[in-house]
Structures are given as structure tokens and as C-alpha cells.
Amino acid sequence: MVKLVLIGPPGAGKGTQAERLVRDYGLMHISTGDLLREAIKAETPLGREAKAAVDGGTLVPDEVVIGLVEERLSDKKPAQGFILDGFPRTVAQAEALERLLYSLDKPLDHVIIFDIAIDSLDERIAKRAEQTRAVGAQERSDDNAEVLKKRLEEFSRATAALSPFYEHRRLLRRVDASAGIDDVAAQIGSLLGRAIKVRC
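At the far end of the sequence shown sits residue 200, using UniProt numbering, and the numbering has no gaps.
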């Protein structure tokens with residue numbers, strides 16, 4: 001079983017690469033963004049707290065995200081491992097996740113950081129919003145320019161300490177997320193090496 005964390009700013013391509021890992025390696029994708037959107041849609045107590053933060057462009061409180069992640073890990077039993085996408089974002093979350101995973105006997109194997117320039121992110125987010133409007137779907141509130149700017153600023157501040165945290169544990173890996181989708185996938189595959197076997 002392989003346990004991964006994907007970390008990167010909004011629009012870095014974590015979700016796209018997570019989908020490929022699910023398809024090619026048989027891992028379970030746990031996206032905190034999806035968990036939060038599901039909770040918000042269901043109007044659960046955690047969902048209402050999350051909505052207030054997302055609409056205001058601030059990070060969702062740790063206890064909300066941790067609670068949702070713990071529920072998902074407890075509800076489902078991944079056959080070949082799992083990917084955590086967008087979590088943790090702070091050292092406090094990383095410590096809480098570490099405690100949780102050790103209690104479940106599922107410590108992390110790799111933490112992959114998606115490195116990408118802010119200019120590239122602006123372009124990607126604008127394109128995503130345009131595609132969403134083109135198909136008549138509801139635009140994500142976090143694709144709004146002002147909300148995005150605030151999220152990027154908070155992301156940079158909050159995650160600055162994660163690199164040394166995971167470097168100390170020898171779990172940190174980096175990919176150039178400004179490359180094309182296939183190139184980023186190849187980088188991740190190279191980092192994982194033979195840790196997991198591609199399903200035929």
C-alpha cells in the first residue's frame with residue numbers, strides 16, 4: 001500500500017494528476033476540495049463552517065478538514081493505497097495527519113509538492129473558469145480573481161513551513177507543475193519508481 005500527499009496552490013494540477021494515479025495505480029483519491037464541496041452541498045455542520053471560509057477566501061479551519069479526512073479514511077479501505085490532495089496545508093494539519101495515519105498504521109510514503117509560478121496559475125484558473133462557463137456549469141467561487149489572490153497569499157504563508165517539516169522526515173518530493181500534463185505525470189512516475197505497480 002502506498003500513501004501519498006499532493007501539495008500545491010490552486011490550479012497547479014493536483015486534481016488532474018490524482019485522477020491519473022487513480023486510473024494507472026489503483027489508488028483512492030481523497031480530495032479535501034471534493035470533501036468540502038460535498039459537505040457544503042449536504043449542508044452538514046462541517047459543511048456550513050467550510051462554506052463561510054471558502055466564500056471569504058480563507059483557509060478552512062483545521063478541525064473541519066481533519067474531521068472530513070478522518071471520516072473518509074475510516075469509511076473506505078483502499079486496496080492499493082490513497083492520495084491526499086490539498087491536505088495538509090499547515091504544520092498543525094501535518095502533525096494531526098501524522099498522528100491519524102500512525103493510529104491507522106498507514107504512515108505516509110511520499111509528499112509531492114507541485115512547484116509553479118503565479119503567472120502560470122492565473123492563466124490556468126482563467127481558462128478553467130472559461131471552460132466552466134462554456135458548458136453552462138456553475139463557476140466555482142474560488143475561481144473568482146480576488147478570492148484566488150487571497151487564497152494564493154494564504155497558501156504561500158501557510159505552507160512555507162511544510163517543506164522543512166517533510167524534509168526532516170525524508171518524505172518530500174518536488175515536481176515542475178508548469179510542464180505539460182504528461183510531463184508532470186512522468187515526473188511523478190519517476191519519483192514513485194517501483195513503489196507501486198501499474199495495473200494492466
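Note that the Cβ used here is the ideal one computed from N, Cα and C, for glycine as well.
Model, not experiment: these values are computed from the prediction.
Rounded to whole angstroms, what's the CA-CA distance from glycine 56 to lysine 149? Just pull it up for me.
Taking the sequence shown and counting its residues from 1, the one referred to as residue 56 is at position 56. Taking the sequence shown and counting its residues from 1, the one referred to as residue 149 is at position 149. Roughly 12 Å separates the two Cα atoms.
Arginine 20 versus leucine 171 - alpha carbon distance
In the sequence shown, residue 20 corresponds to position 20, counting from 1. In the sequence shown, residue 171 corresponds to position 171, counting from 1. In a straight line, the C-alpha of arginine 20 is about 21 Å away from that of leucine 171.
Could you please give me the residues that DSSP links to arginine 28 through a beta bridge?
Taking the sequence shown and counting its residues from 1, the one referred to as residue 28 is at position 28. Note on residue identity: the sequence assigns methionine, not arginine, to residue 28. Looking at the DSSP output, methionine 28 sits in a beta bridge with Phe82.
For the beta strand (DSSP E) holding valine 5, just list the boundary residues, first then last.
Position 5 of the sequence shown holds residue 5. 2-7 is the span of the beta strand (DSSP E), which, as asked, contains valine 5.
Helix or strand or just coil, what does DSSP make of isoleucine 116?
Here residue 116 refers to the residue found at position 116 of the sequence shown. The answer is coil: DSSP assigns isoleucine 116 none of H, G, I, E or B.
Cα-Cα separation, proline 9 to phenylalanine 114:
Here residue 9 refers to the residue found at position 9 of the sequence shown. Here residue 114 refers to the residue found at position 114 of the sequence shown. Cα to Cα, the separation comes out at about 8 Å.
Between the region 43-59 and the region 178-194, do at least 3 Cβ pairs fall closer than 8 Å?
At 8 Å Cβ cutoff, the stretches do not touch.
Cα separation between phenylalanine 87 and alanine 94?
Within the sequence shown, residue 87 is the residue found at index 87, counting from 1. Within the sequence shown, residue 94 is the residue found at index 94, counting from 1. For phenylalanine 87 and alanine 94, the distance between alpha carbons rounds to 8 Å.
When burial is assigned at 16 or more other CB atoms within 10 Å of the CB, is glycine 11 buried or exposed?
Position 11 of the sequence shown, counted from the start, is the residue given in the question as residue 11. Looking at its Cβ environment, which holds 16 or more other Cβ atoms inside 10 Å, glycine 11 is buried.
Rounded to a whole number of angstroms, what is the C-alpha to C-alpha distance between glutamate 71 and aspartate 62?
In the sequence shown, residue 71 corresponds to position 71, counting from 1. In the sequence shown, residue 62 corresponds to position 62, counting from 1. Taking the Cα positions, glutamate 71 is about 14 Å away from aspartate 62.
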